[in-house]
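This report refers to the structure that appears directly beneath it.
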Amino acid sequence: MSHNLDVPSTRRRSRRRRRRFVVAVAIALVVLFVVAYGVKRVIQTRSWQVAGELISRVETDERVVALTFDDGPTDSDADAVLDVLADRDVPATFYVNGKEVEGSGSTMRRIIEGGHEIGNHTWNHRPMAFVSPSTVAEEIEPTDEVIRATGYDGPLTFRPPHGKKLLTLPLYLAKHDRLTVTWDVAYEDWSGNPQSSDELVNATVDNTQPGSIILLHPWFGRTTTQKAIGPVIDRLKEQGYSFVTVSELIG
Ligand SMILES: [Zn+2]
14 MSHNLDVPST RRRSRRRRRR FVVAVAIALV VLFVVAYGVK RVIQTRSWQV AGELISRVET
74 DERVVALTFD DGPTDSDADA VLDVLADRDV PATFYVNGKE VEGSGSTMRR IIEGGHEIGN
134 HTWNHRPMAF VSPSTVAEEI EPTDEVIRAT GYDGPLTFRP PHGKKLLTLP LYLAKHDRLT
194 VTWDVAYEDW SGNPQSSDEL VNATVDNTQP GSIILLHPWF GRTTTQKAIG PVIDRLKEQG
254 YSFVTVSELI G
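Be aware that the sequence shown starts at 14, since it is given in my numbering, and climbs by one per residue.
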């Protein structure tokens, strides 16, 4: 203890200041980490957003599910997707990108004539977590317009690219009374690992429950997913499931 008394008071003060600074930095880092983690969770969670209604599945005992297809559409894949649905008399919901709709008139007509539902998946499919309110409007409104221009007059729910949203997007959706629809069943492998259609079918079927919203990406030549569509439908039908559009599921 005695040596402490020998330390000049200015050195003691500076040591104390340094300790306080280190503690403050440590606290700031912890707070920053917690905030960053919280923001990431808010962006990624599929069952909640800060404003406006969001649905990822429906609570029901009835064996009923909605099949949803994101992105596109692309004319070159239309047969692989729409023939399978037509053969099985199954309706689906297509969350399309405005920029793709423009060049896919014949596929859009087939989707509408097939009795399917169409949803808004933004114009450019850009990440929507950190965007200005004007960017949100630019992604959503022209997409509505180009979908309506195809003659589609059914319900138009919204699905954000990758399901990601933070503040501006949900606030805009709430203000414009738009329903956000995500999913609870998505088993395509995006990590780059090879995945067979059988693996995709098994994971999808095994994890589906009454009221599920299933997500698949069948456009842009994604043949693994395309080949899975028929077996997913057949196996769920064997289990007593029937298929409805998202709006029918929500009721
Ligand atoms: Zn997408």
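For glycine and all other residues, C-beta sits at the position ideal for the given N, C-alpha and C. Quick caveat, the model's predicted, so the values are computed rather than measured.
Apart from the five residues just before and just after residue i, which ones in its own chain have a Cβ nearer than 6 Å to its Cβ?
i, result
"E261", "none"
"Q239", "A93, P231"
"A199", "L228"
"S117", "P86, D88"
Let's test the definition: count the other Cβ atoms within 10 Å of the Cβ of residue i and tell me whether it reaches 16, buried, or not, exposed.
i, result
"M14", "Because the pLDDT of M14 is 49, which lies under 50, any placement of that residue in the model is unreliable, and the question is left without a value."
"D211", "exposed"
"K178", "buried"
"W203", "exposed"
"Y254", "buried"
"R25", "exposed"
"V159", "buried"
"R10", "Limits of the chain in this structure are 14 at one end and 264 at the other, which puts residue 10 out of reach."
"R28", "exposed"
"G176", "buried"
"A241", "buried"
"V47", "exposed"
"V36", "exposed"
"I153", "buried"
How close, in whole Å, do the beta carbons of residue i and residue j come, if the pair is a contact with beta carbons under 8 Å?
i, j, result
"G111", "P168", "That belief does not hold up - the Cβ atoms of G111 and P168 are roughly 17 Å apart, past 8 Å."
"G205", "V77", "34 Å between Cβ atoms; not a contact."
"L245", "A79", "The question names Leu, but residue 245 in the sequence shown is Val. Not really, about 12 Å apart at Cβ, beyond 8 Å."
"Q5", "T237", "Residue 5 falls outside the range modelled here, since the chain spans only 14 to 264, and no answer is possible."
"T163", "V114", "7 Å"
"V259", "T106", "4 Å"
"A142", "I56", "5 Å"
For residue i, list the residues DSSP reports as bridge partners.
i, result
"L229", "F82"
"V194", "I68"
"E130", "T106"
"S255", "V77"
"F171", "N133, T193"
Excluding five sequence neighbours on each side, which residues of the same chain lie with their C-beta closer than 7 Å to the C-beta of residue i?
i, result
"S69", "R59, S60, T195, W196, D197, I226"
"H138", "D84, N110, P174"
"H134", "D83, D84, Y108, V109, N110, R172, P174"
"G127", "L95, L98, A99"
"R123", "A91, L95"
"T181", "V144, S145, P146, V149"
Keeping to the same chain, check which residues put their C-beta closer than 8 Å to that of residue i; ignore five residues upstream and five downstream.
i, result
"L184", "V63, A64, G65, P146"
"E72", "G224"
Taking only beta-carbon positions, decide if residue i is within less than 8 Å of chain D.
i, result
"P140", "Although the question refers to chain D, the structure presented lacks it and comprises just one protein chain."
- Task: Any chance you could list the alpha helix (DSSP H) runs of at least 4 consecutive residues sitting entirely within the segment 53 to 119, in chain order?
- Result: 97 to 101, 111 to 114
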